[in-house]
Amino acid sequence: MQDALWQRTAAAQAAAVRSGEVSAVELVESHLDRIATVNPQVNAVTQLLAERAREAAARTDRSRAAGGTPGPLAGVVFTVKETTAIEGAATTFGVERFRDLVASADAPPVARLRAAGAIPIGHANVPTLILAGMHTRSELFGDTANPWDRDRTPGGSSGGDAVAVATGMAALGLGNDSGGSIRVPAQFCGVAGLKPTTGRFPADHRFLGPDDPGPASQMLVTDGPLARSVADLRLAYEVLAGTDPRDPRAVPVPAYGDPLPGPVKVAVVADPGGHGVDPTVLAAVEAAAEALREAGYDVREVADVPRLDEALDAYGRITVTEFAPAWPAVRTLLGSGGDRYIGMAMERTPPASAEEFMKLMGTWLNIRRSWAEFLDEYPLLLGPSFTEPPVEPGLESRDRAGRDRVASGMRLCTVTSFVGVPAVAVPTGVVDGLPCGVQIVGRAFREDLCLDAAQAVEDRLGVLTPIDPVRVRVHGLAGTGRRSR
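Residues 0 to 484 in numbering that gives the first Met the number 0 are what the sequence shown spells out, letter by letter.
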């Protein structure tokens, strides 16, 4: 149906609800119908909150009828990664043992989206405990299929949300990213995604208790939205930005900075570190660079990004050291074979001593300084989110060669998470039936510059989704997920 409500952008959906053209209930029902049709083929939506979504939509309609002012996301439905709390639903992390771990309150970004009028329609699938690999396969819910080609992974760990958005089951997805978990599935599924600056959006990443995690988990993980268009990504960004007393890391920085003088300089690095890039990805970067030139940007190819290999080594050693004490207990939660991905990293990278760890923390700051200086000269950086087209499911857990190939592919995502700067993933087209894309990285707290540049790329290269998935059943799964009120 050409004019189905679920096909509209999030901005158009919200505008239709605010104007009274459609009701929020009609909008929710349109998405529930789409989920019933599509989810059995891709298995992206896990816990479907159908009745709760209908009730929230009815409240929106009653409020509008009584003279209330609907929010900027009135009636817009969104999915939420299985790692992020929705009040009254289980936060399972895709783990069988956590299927009844019901959240007592919304996580801060869920609360912010809800306050703007958006409606959570369900959780979305993840790799087990977000540690089992890049491919979205969980012990509790099974595999999520890439809607473009079931023989390719949708990426992860926010793969369920990327697939839900790409196929029109939700207008927005709420994921998180500590090294590519939003940007890689965005590239593999043909949607846009935003990894914000560390401290831009409030979040709460505590797990199974009141204690906060260590410095790596505090600084590397950032929640962020996925959408089919950059304009919708911007709408979600404006809602999510701000402070919250539950997250003292969140910084009260304006969502929009001062305009920069003259044409904005963009550094182009298609092959970070010189480790190789697939020709299709190289062509995507070149196409995006040309789009930015046409839009008036000062686009310049540069030799490389700062200190890439050193940053990757420091990232690995810091995260392994922080994680090592919990690993014996954690690996028991990952199911059969689920420990291979992290296990290979633990074998290769021994934990640092206390003295070494302190030096690594200094190295972290020093690398961030180098990047700040680089981005002072070039306010934007254009490069790949992943240096290959979508790979086969589970490649990273198959053997060490597969793991190294995937780690190398996402290297620009890893280093930009490490230095805490924002990035927007944006599609560039379709090659051999698979989506291509790039990421645009910016100065800290200048998400607005990234979004402006991504919009310029999208204006010239187009929007790829929503799409109908390959119409085959996910092996061994009904794919409809587990219903919850």
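Idealized CB from N, CA, C, for every residue including glycine.
With fewer than 16 other Cβ atoms from the protein chains shown falling within 10 Å of its own Cβ, Glu376 counts as exposed. DSSP places Arg151 in the coil class of the three-state scheme, outside both helix and strand. Taking the Cα positions, Pro434 is about 19 Å away from Leu411.
Taken atom to atom, the span from the alpha-carbon of Asp303 to that of Ser407 is near 15 Å. Taking Ser335 as reference, the option from Arg17, Thr36, Thr127 with the minimal CA-CA separation is Thr127.
Distance between Arg292 and Gly436, taken at the CA atoms: about 17 Å. Per DSSP, the unbroken beta strand (DSSP E) holding Arg299 starts and ends at 297 to 300. By the beta-carbon neighbour count (other beta carbons within 10 angstroms, threshold 16), Ser156 is buried. The DSSP-derived three-state label of Asn175 is strand. A Cβ-Cβ contact shorter than 7 Å links Val456 with Val425.
The beta carbons of Pro201 and Asp243 sit closer together than 7 Å.
Cβ atoms of Ile317 and Ala215 come within 8 Å of each other, at about 5 Å. For the pair Thr166 and Pro153, the CB atoms are not nearer than the 7 Å cut-off. Counting of Cβ neighbours within 10 angstroms places Thr331 among the exposed residues, the total staying below 16. Assigned with DSSP and collapsed to three states, Pro224 falls in strand.
Collapsing the DSSP output to three states places Gly158 in a helix. Excluding sequence positions up to five before and after Met409, its CB lies within less than 6 Å of the CB of Gly179, Val183, Phe385, all in the same chain and listed in chain order.
For Pro39, the enclosing alpha helix (DSSP H) stretches over residues 23 to 41. Inside the stretch 107 to 149, DSSP marks whole beta strand (DSSP E) runs of 3 or more residues at positions 118 to 123, from first to last along the chain. Residue range 339 to 347 is occupied by the alpha helix (DSSP H) that includes Ile341.
In this structure, the beta-carbon distance from Leu225 to Val280 does not fall below 7 Å.
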